[in-house]
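**Q**
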Amino acid sequence: MYIDVRQASDVQIAYAFSLATGVPLSIKNSGHDYKGRSSGANTLSLWTHNLQSSGAYWQQVYEFAELNNITVIGGYHQTIASGGGWVQAGGHSILSPNYGLGIDRVVEFKVVTPDGVYRTANECQNEDLFWALRGGGGSTYGVVLETSQKVESQLTLQVFTQNATNAAPFLKIVTNNALKWGKEGWGGHIGANNLIKVNPKLTLAEAKASMQPIADYAALMNGTVVIETIPSWNQFFTKYVIGAQSAVGGISVLGTRLIPTVNFETEAGLEGVYELLTGFLPKANPYIVVGTPFLYDYQEGSTSATPAWRNSLWHLGLHETWTFNTTTSAKKAVFESVSEIVQSMRNISQDSGAYFNEGDVPEVLMPFTNMIPSAFLIVGNAWDGKAPVRHVIHVIFKNNVGTSAQCPASRIYHLI
648 MYIDVRQASD VQIAYAFSLA TGVPLSIKNS GHDYKGRSSG ANTLSLWTHN LQSSGAYWQQ
708 VYEFAELNNI TVIGGYHQTI ASGGGWVQAG GHSILSPNYG LGIDRVVEFK VVTPDGVYRT
768 ANECQNEDLF WALRGGGGST YGVVLETSQK VESQLTLQVF TQNATNAAPF LKIVTNNALK
828 WGKEGWGGHI GANNLIKVNP KLTLAEAKAS MQPIADYAAL MNGTVVIETI PSWNQFFTKY
888 VIGAQSAVGG ISVLGTRLIP TVNFETEAGL EGVYELLTGF LPKANPYIVV GTPFLYDYQE
948 GSTSATPAWR NSLWHLGLHE TWTFNTTTSA KKAVFESVSE IVQSMRNISQ DSGAYFNEGD
1008 VPEVLMPFTN MIPSAFLIVG NAWDGKAPVR HVIHVIFKNN VGTSAQCPAS RIYHLI
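Printed below as a string of structure tokens:
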């Protein structure tokens, strides 16, 4: 049973119904939730995907941006919604190394909190709520109906793609060059024997020189290399993201970890990362998201996501799968295998964290959030202390949040 949310009053009615009947609520935007939290069994679902604001999906946003000669920093799948769990849990992008996470781009939320009040949260009003929404997790503090984001001018991108066989030597080159590439502004995705990277900072000649080690290796292995200039983010997204996606879904168990920059600064650290990656094989393939805000000028404490995002070079993940006829015991073994590999990630990154939306299922809460002395946690509660939302995990209030004299004046677009 669900409510197709079109306006604030729809949410207010749902809250009142839940409080009167005891029926728990869940919130579902586009439904890209690896953990199934947005599906909430035996709940009244608030479906926000038809809101052409928080429910606008990234392909729509990118096409709008292209028409207006701007760039919006967003997700890597066309049907992920712009104002849902992606941004509220942090929101990484392959443009994040230079332009920040999704939570760094948001300047305002409009949200109905569980007391039924439709609120505006930004640096000028409801500042603690604004802080909490920027990284505290989706479906946690209320129902977000609208976001406003900073944008960039149209970006010209240098794009490098490579495919080759023989994973171990490839991963060695990737590991040894990771810090250099990070400092040069590359973002992208890296698999066990392939990568795609983009750079809005370098010229084509500089990009070719930067990626020469991996290009040489691909040529040696009779692999393929493409390096080209693409005039906009939307054109890159259409060619390399939408064009490469399968229409068929699958089942997978996911685990991730943010790998700190310090691990790439010494020979011992590099060897530890390389051994970790090759240790995945052949059971699972590593999947590296170069999407941390490595070069972004961040104001410390301005968001509630784990500080590990700011101190890390890679968002490292893996997944394992099963088939339709896999037994329950075999499925349990898959979960245990993923958790075991994630533990090996933790072993080399003990002071780091993980991404809310892509963490190991039994991951503890601490790696996800900015748990600093000026914050406190209330389990099963929401912003006003009343929480009919079943999947509310926690609330973080940050004391002494600074208030600016005026809200940021920049190129801001309401996603409507």
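Residue numbering for the sequence shown follows our numbering, starting at 648 and increasing by one per position. We put the beta carbon where it would ideally sit given N, CA and C, even for glycine.
Evaluate the contact criterion for the region 779-799 versus the region 712-727: three or more CB pairs, one atom per stretch, below 8 Å.
**A** Flag = yes, the region 779-799 and the region 712-727 touch.
**Q** Output needed for I750: all residues of its chain with C-beta closer than 7 Å, excluding positions within five of it in sequence on either side, in chain order.
**A** The residues are V734, G737, G738, R781, G782, T950, A952.
**Q** Under 8 Å: do the region 902-912 and the region 834-852 share three or more Cβ pairs, one atom per stretch?
**A** No, the region 902-912 is not in contact with the region 834-852.
**Q** Which value, in whole angstroms, describes the spacing of the CA atoms of G890 and F884?
**A** Their backbone Cα atoms lie some 8 Å apart in a straight line.
**Q** Give a yes or no on contact between the region 865-882 and the region 971-991, applying the rule of three or more CB pairs nearer than 8 Å.
**A** Output reads no: the region 971-991 does not touch the region 865-882.
**Q** Roughly how far, in whole angstroms, is the beta-carbon of G702 from the beta-carbon of G730, given that I think they are within contact range, below 8 Å?
**A** Contact holds; Cβ gap of about 7 Å.
**Q** Does M648 pass the burial test, meaning 16 or more other C-beta atoms within 10 Å, or should it be called exposed?
**A** Per the 10 Å Cβ criterion, exposed.
**Q** Taking T690 as the reference, give the member of N676, S677, V670 with the closest Cα.
**A** Looking at the Cα atoms, V670 is the closest of the given residues.
**Q** What are the residues that DSSP puts in a beta bridge with F756?
**A** Answer is A768, T794, bridged to F756.
**Q** Taking the CB atoms as reference points, tell me whether A655 and H696 lie closer together than 9 Å.
**A** No, the pair does not count as a contact, with Cβ atoms beyond the cut-off.
**Q** Can you list the alpha helix (DSSP H) stretches of 4 or more residues lying completely in the region 774-850, in chain order?
**A** 774-780, 814-831, all fully within the region 774-850.
**Q** Looking at the secondary structure, which residues open and close the beta strand (DSSP E) in which E987 lies?
**A** That residue, E987, is in no beta strand (DSSP E); its alpha helix (DSSP H) goes 975-994.
**Q** Taking only runs that begin and end inside the region 928-970, name each unbroken alpha helix (DSSP H) of 4 or more residues, in chain order.
**A** If we require 4 residues or more, the region 928-970 turns out to have no alpha helix (DSSP H) run fully inside it.
**Q** Can you give me the C-alpha to C-alpha distance between A839 and G919, rounded to a whole angstrom?
**A** Between A839 and G919, the C-alpha separation is close to 17 Å.
**Q** Whole angstroms are fine: how far does the CA of H966 sit from the CA of Q1075?
**A** This structure gives no information on residue 1075, because the portion of the chain shown stretches from 648 to 1063.
**Q** Where does I741 sit, in a helix, a strand or coil, going by DSSP?
**A** The answer is coil: DSSP assigns I741 none of H, G, I, E or B.
**Q** Which term fits S645, buried or exposed, when burial requires 16 or more other beta carbons within 10 angstroms of its beta carbon?
**A** Summary: the structure shown does not reach residue 645, with the chain confined to residues 648 through 1063, and so no result is reported for it.
**Q** Just reading off the beta strand (DSSP E) that T668 is part of, what are its end residues?
**A** Note, T668: premise wrong, no beta strand (DSSP E); alpha helix (DSSP H) at 655-668.
**Q** Give the DSSP-derived three-state secondary structure of W726 in the structure shown.
**A** Note that residue 726 is Thr in the sequence shown here, rather than Trp. Of the three classes helix, strand and coil, the one that applies to T726 here is coil, per DSSP.
**Q** What does DSSP give as the partner residue(s) for T876 in the beta ladder?
**A** Bridge partners of T876: Q805.
**Q** Go to L714, then tell me how far its beta strand (DSSP E) extends in each direction, as first and last residue.
**A** Note, L714: premise wrong, no beta strand (DSSP E); alpha helix (DSSP H) at 705-714.
**Q** When we look at the beta-carbon of I660 and count the other beta-carbons within 10 Å, is it buried (16 or more) or exposed?
**A** Exposed, by the Cβ-count rule.
**Q** Between I636 and L923, which are expected to be in contact by the criterion C-beta below 8 Å, what is the C-beta distance as a whole number of angstroms?
**A** Shown here, the chain extends from 648 to 1063; a query on residue 636 therefore has no answer.
**Q** Would a C-beta distance cut-off of 9 Å place L818 and P933 closer than the cut-off?
**A** Against a cut-off of 9 Å, the Cβ pair of P933 and L818 comes out as a contact.
**Q** List the residues that DSSP assigns as beta-bridge partners of I898.
**A** According to DSSP, which records beta bridges pairwise, I898 is partnered with nothing at all.
**Q** For T871, which beta-bridge partners are listed by DSSP?
**A** T871 pairs with N810.
**Q** For L905, list the residues DSSP reports as bridge partners.
**A** H962.
**Q** Using a threshold of 9 Å, state whether the C-beta atoms of T726 and W705 are closer than that.
**A** For T726 and W705, yes; Cβs fall inside 9 Å.
**Q** Under the assumption that F630 contacts I988 (Cβ atoms under 8 Å), give the Cβ distance between them as a whole number of angstroms.
**A** As shown, the chain starts at 648 and ends at 1063. That puts residue 630 outside it, with no answer to give.
**Q** Is the CB-CB distance between G832 and L960 below 9 Å?
**A** No, Cβ-Cβ distance for G832 and L960 is not below 9 Å.
**Q** Grab the span of the beta strand (DSSP E) containing Y681 for me, first residue to last.
**A** Careful: Y681 lies outside any beta strand (DSSP E) and carries neither H nor E.
**Q** I'd like to know whether the C-beta atoms of S677 and S686 end up nearer to each other than 9 Å.
**A** Contact: no.
**Q** Would you check if the distance between the CB atom of G732 and the CB atom of D651 is smaller than 9 Å?
**A** No, these two residues do not count as a Cβ contact at 9 Å.
**Q** Between which two residues does the beta strand (DSSP E) containing I650 stretch?
**A** Element bounds for I650: 649-651.
**Q** What number of angstroms, rounded off, separates the C-alpha of W969 from the C-alpha of N1004?
**A** So the alpha carbons of these two residues sit roughly 21 Å apart.
**Q** Here's the rule I'm using: 16 or more other beta-carbon atoms within 10 Å means buried, otherwise exposed. How should I898 be labelled?
**A** Answer is exposed; the Cβ neighbour count stays below 16.
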